[in-house]
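To start, the structure itself, in structure tokens.
Numbering (the working numbering), first residue to last: 2 to 484.
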């Protein structure tokens with residue numbers, strides 16, 4: 002049976018086989034018959050069609066049966082005739098499907114397997130860190146980072162603890178939603194502008210222009226939309242006050258610092274639970290309304306009320322030093338509040354007037370059109386627009402002079418500044434009054450001369466005020482109150 006050593010299966014012989022062959026087959030069957038469940042495919046030889054084990058031609062492939070007779074693979078490749086190929090071995094072959102491949106078929110199968118592996122590999126992608134994720138996971142991860150968290154150039158690898166950043170090309174390749182791509186482009190553009198000290202977004206609503214300068218400084222710039230702003234801080238142009246003080250002023254106006262001043266000036270704290278209490282009557286006997294406290298104390302000395310005895314309106318525990326310190330603190334708080342309200346009211350008044358005078362452009366434009374219809378040239382009516390321009394400039398300057406004055410310490414230079422401020426303010430109010438009058442054709446010549454004289458005077462006084470302030474900056478003449 003040397004020629005059969007490469008096979009784990011065999012055909013049953015017909016009854017016409019010799020007893021010797023039958024005996025040999027039974028011996029081989031006892032020793033070599035495989036278990037279907039433990040079939041070792043590594044021992045199967047693949048043979049070329051038409052060749053027997055010994056290399057000689059056979060009429061049938063291994064495992065095939067002919068309709069006219071069976072064929073057993075013997076030492077010489079020949080076989081005895083017999084029945085139609087039925088038996089236990091044939092039933093096992095039908096249950097166990099297999100295929101014999103040629104060299105060309107094996108090569109084709111290998112190519113198909115490699116193609117499938119490549120498709121799986123291409124479906125997963127990652128960064129230089131080596132962490133790979135499927136395309137859908139990448140898309141959902143990036144969409145969440147961009148749309149919900151507003152992240153742009155700081156998106157890192159989704160692997161836990163990995164700080165490798167996802168580059169722009171990878172993000173654009175992995176995202177399929179056009180809205181997410183557009184949002185990402187806006188985010189990285191905004192990040193680029195904010196990181197570049199020579200670029201600044203226009204602060205006007207719905208304006209998407211960027212202003213580029215040669216060098217960064219606190220200078221006025223004007224966008225194509227018409228908005229003028231400070232390049233350094235992005236606020237409306239605020240000459241003569243510096244960005245530092247304007248920032249402090251805006252914060253002071255926005256937060257509750259002045260509310261705290263009012264509370265300090267008009268209330269006291271319960272000595273037991275420290276709840277703020279306002280005195281709503283003349284009696285000095287105070288009862289805390291905190292349900293968990295209910296402490297009784299004297300409004301004057303803040304001591305317990307019980308030791309005061311019958312002295313209902315005269316505190317017998319009065320201490321001159323403590324009382325003086327309390328009065329001084331309260332007076333300082335009141336004075337600070339009054340000072341803030343003085344400058345804040347004038348600041349807000351000029352801001353409101355500036356808004357109204359921006360609307361004055363439409364009224365002046367209408368008046369100019371009416372005058373041109375009454376045989377007046379375009380040149381003759383341009384003084385009205387010029388007057389409104391000067392008026393708005395003076396309002397803005399006056400508005401910010403009160404911020405500057407709030408932080409300014411009193412000295413000789415501050416007195417000169419306040420005189421210039423008052424002169425400009427008076428001239429501005431007169432000019433505003435001229436422009437708000439009903440200008441008819443009969444009074445045009447008279448009002449024209451007055452308006453021209455006044456806006457020229459306002460321009461001159463505004464220039465003098467700003468020159469004085471900038472001279473003080475250069476010569477370090479100003480002293481400030483640290484709020």
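Each residue gets a CB set at the ideal place from its N, CA and C atoms; glycine is no exception.
Cβ-Cβ separation between residue 294 and residue 271: approximately 6 Å, consistent with a contact (criterion under 8 Å). Taking a 10 Å sphere around the C-beta of residue 379, we find fewer than 16 other C-beta atoms and assign the residue as exposed.
By the criterion of a C-beta distance shorter than 8 Å, residue 238 is surrounded in its chain by 221, 229, 230, 231 and 397, once the five residues flanking it on both sides are discounted. Contact between the region 422 to 431 and the region 363 to 378 is not established, with fewer than three Cβ pairs separated by less than 8 Å.
In the three-state scheme derived from DSSP, where H, G and I count as helix and E and B as strand, residue 360 is classed as helix. Exclusion of the five residues before and after residue 395 leaves 425, 429, 459 and 463 as the residues of its chain whose Cβ lies within less than 7 Å of its Cβ.
DSSP lists no beta-bridge partner residue for residue 457. Here DSSP, grouped into helix, strand and coil, assigns residue 303 to coil. Of all alpha-carbon atoms in 149, 144, 161 and 168, the one lying nearest the alpha-carbon of residue 155 is that of 168. In the DSSP annotation of this structure, the continuous segment of the beta strand (DSSP E) that includes residue 201 starts and ends at 200 to 202. Looking at the DSSP output, residue 185 bridges to nothing. Judged by DSSP in its simplified three-state form, residue 395 adopts helix. Under the three-pair Cβ rule at 8 Å, the region 209 to 220 counts as touching the region 186 to 199.
Three or more pairs of CB atoms, one per stretch, sit closer than 8 Å, so the region 336 to 348 contacts the region 399 to 410.
Considering only 412, 481, 246 and 178, the residue with the shortest C-alpha distance to residue 234 is 246. Bounds of the beta strand (DSSP E) holding residue 287 are 286 to 288.
DSSP places residue 212 in the strand class (E or B) of the three-state scheme.
Contact between residue 172 and residue 143 holds, since their C-beta atoms are separated by about 6 Å, short of 8 Å.
When C-alpha distances from residue 286 are compared across 334, 163, 300 and 139, the shortest belongs to 300. When only Cα atoms are considered, residue 132 and residue 158 end up about 8 Å apart. Boundaries around residue 126 are those of the beta strand (DSSP E), 125 to 127, since no alpha helix (DSSP H) includes it. In the DSSP assignment, residue 416 falls within the unbroken alpha helix (DSSP H) covering 413 to 436. Shown here, residue 193 sits in a helix according to DSSP, grouped into three states.
Cβ contact annotation for residue 268 (same chain, cutoff 7 Å, sequence separation greater than five): 277, 278 and 279, in chain order.
For residue 135, the uninterrupted beta strand (DSSP E) segment begins and ends at 133 to 135. Here the C-alpha atom of residue 303 lies approximately 39 Å from the C-alpha atom of residue 480. By the C-beta density criterion, residue 179 is exposed, having fewer than 16 other C-beta atoms within 10 angstroms.
Across the set 148, 102, 435 and 204, the C-alpha of 148 shows the shortest separation from the C-alpha of residue 188.
As the crow flies, the alpha-carbon of residue 145 is around 12 Å from that of residue 182. Here residue 378 carries a coil assignment [DSSP, helix/strand/coil].
Within the same chain, and ignoring the five residues on either side of residue 432 in sequence, the residues whose Cβ sits closer than 8 Å to its Cβ are 388, 391, 392, 395, 452, 455, 456 and 459. If you compare the alpha carbons of 289, 349 and 223 with that of residue 251, the shortest gap goes to 349. By the neighbour-count definition (other C-beta atoms within 10 Å, threshold 16), residue 153 is a buried residue. Per DSSP, residue 231 lies in no alpha helix (DSSP H) segment; the continuous beta strand (DSSP E) that holds it begins and ends at 229 to 231. In this structure, residue 401 sits near residue 241, with a CB-CB distance shorter than 8 Å. By the beta-carbon neighbour count (other beta carbons within 10 angstroms, threshold 16), residue 399 is buried.
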